[in-house]
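Asks: So that we are looking at the same thing, I have put the structure below in structure tokens.
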Amino acid sequence: MTINEVINLQPEVINLLKNAKRKNKLVHAYLFEGDSGTGTLEAGKYFAQMLLCENQENDSPCLKCNTCERIEYNSHLNVVIIEAVGEVIRKEQIESLMHDFSFTAMEKGPQIYIIKDADKMNAAAANSLLKFLEEPAPNHYAILTTINHKKILDTIYSRCQHLHFKPASTNQLMLDLIKEDVDSDLAYITSNITNDLVEARKMVAEGKLNMVLNLAKKVSTARFRKKDPYLEYYLNRNILLDNTDKRWHWIFLDTLILIYKEMLLKENKEPINHFQNQLDSIKEEQLDKQELIKILNILNNYEERLNYNVNIDLLYASLFSSI
Ligand SMILES: [Zn+2]
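Letter by letter, the sequence shown follows residues 0 to 322 in numbering that gives the first Met the number 0.
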């Protein structure tokens, strides 16, 4: 995530930090809690830039000076990021940090350490950190990030100011992807699957989601083109079947549901926002409200059946004979 994306997504957090700095009310330890893709680590670096930027006339760091750039690229000596090696943050990593920070600043100004995924600290590491948090030096600041504060030791949690990072809204994520030239239908589907912009970009780049979307478009419009939906599915079913988990079946059925919901809007003469090309090829008189509601119910029902051990081919054969 870029810092500008974080600023747009988390204005409350960013403003709170800026206000605290302006009023000299910064605390020495913050816990940034948010899911992957909410920008907790980036906000940690932004905090460091806020304190160390060479252009201190504004509340916001300039992001352009040498200091801001070095923080961005993890090469400023006053800003240390600690992360898990394997799946664990160990005591030695915290002790080495404490050792480095106990000397006077290597560069002038505050020193900031960011512990990424602080819940990965083992008990010994957490206890070492606790000593550090209990007696913070005036110019030391800690940023701990986590996806779940309940995994953080209570004694550490109670010494941090807790800031919650909200997930991106579905709509915002869709708009961000469209801005990056992602096809609008694909952006819409992706934003319904994940709140995480980084994951969303990855899904788009992999290409599989687009294939699933196209299959759903073909299947849902088959009847209007006098084609057999099951046959459309069957000929392309390798797209869904090359995966051992059922995730792609859920995505496929979800996509069908979103397309049929849009058909329902068209039937109702409401503005259509998605799948414009497919819906343009269908005449209003071909759409029947009761029929569409029935299909949506059936799709929900079949999605439920995916939870059980079912034969996927039979499931689709039965699904497409009833819609
Ligand atoms: Zn700067």
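A virtual CB, placed ideally from N, CA and C, is assigned to each residue, including glycine.
1) Compute the minimum distance between the beta carbon of N354 and the heavy atoms of ligand 1, and state whether it is under 7 Å.
2) Kindly indicate which residue of M49, V84, N54 has the alpha-carbon position closest to the one of V78.
3) Is the beta carbon of L252 sitting closer than 8 Å to the one on M262?
4) In the DSSP assignment, find the unbroken beta strand (DSSP E) run with T144 in it and report its ends.
5) Do P135 and H27 come within 8 Å of each other at the CB atom, strictly closer than that value?
6) Do I146 and S35 come within 8 Å of each other at the CB atom, strictly closer than that value?
7) Looking at the secondary structure, which residues open and close the beta strand (DSSP E) in which Y72 lies?
8) For a quick check, are the C-beta atoms of I271 and F223 less than 8 Å apart?
9) Which ranges would you report for the beta strand (DSSP E) in the segment 226 to 296 if only whole runs of at least 3 residues count?
10) Taking 8 Å as the cut-off, decide whether the C-beta atoms of Q9 and G38 are in contact.
11) Quick one: does the C-beta of N272 sit closer than 7 Å to a heavy atom of ligand 1?
12) Whole angstroms are fine: how far does the CA of S219 sit from the CA of K20?
13) Could you check whether the Cβ of N54 sits closer than 7 Å to any heavy atom belonging to ligand 1?
14) I'd like to know if the segment 61 to 71 and the segment 83 to 103 are in contact, where contact means that at least 3 CB-CB pairs between them fall below 8 Å.
15) Could you compute how far the alpha carbon of D175 sits from the alpha carbon of E41?
16) Just confirm the distance between the C-beta atoms of Y45 and V84, as a whole number of angstroms; I'd bet it's less than 8 Å.
17) For T66, verify whether its CB is less than 7 Å away from any heavy atom of ligand 1.
18) Nearest CA to the CA of Q171: which residue from A186, S157, L76, L291?
Replies: On the basis of the supplied data:
1) Examination of residue 354 is not possible in this model, given that the chain is present from 0 through 322 alone.
2) When the alpha-carbon of V78 is set against those of M49, V84, N54, the nearest one is in M49.
3) Pairing L252 with M262 gives a Cβ-Cβ distance that is not under 8 Å.
4) For T144, the enclosing beta strand (DSSP E) stretches over residues 139 to 145.
5) yes
6) yes
7) Looking at the DSSP string, Y72 is not in any beta strand (DSSP E), and its letter there is neither H nor E.
8) no
9) Whole beta strand (DSSP E) segments, 3+ residues: zero.
10) yes
11) no
12) Taking the straight line from one Cα to the other gives about 55 Å.
13) Indeed, a heavy atom of ligand 1 lies less than 7 Å from the Cβ.
14) no
15) 18 Å
16) Y45 to V84, Cβ: 25 Å. No contact.
17) Yes; taking the cut-off as 7 Å, the Cβ of T66 has a heavy atom of ligand 1 nearer than that.
18) Comparing alpha-carbon positions, the option among A186, S157, L76, L291 lying closest to Q171 turns out to be A186.
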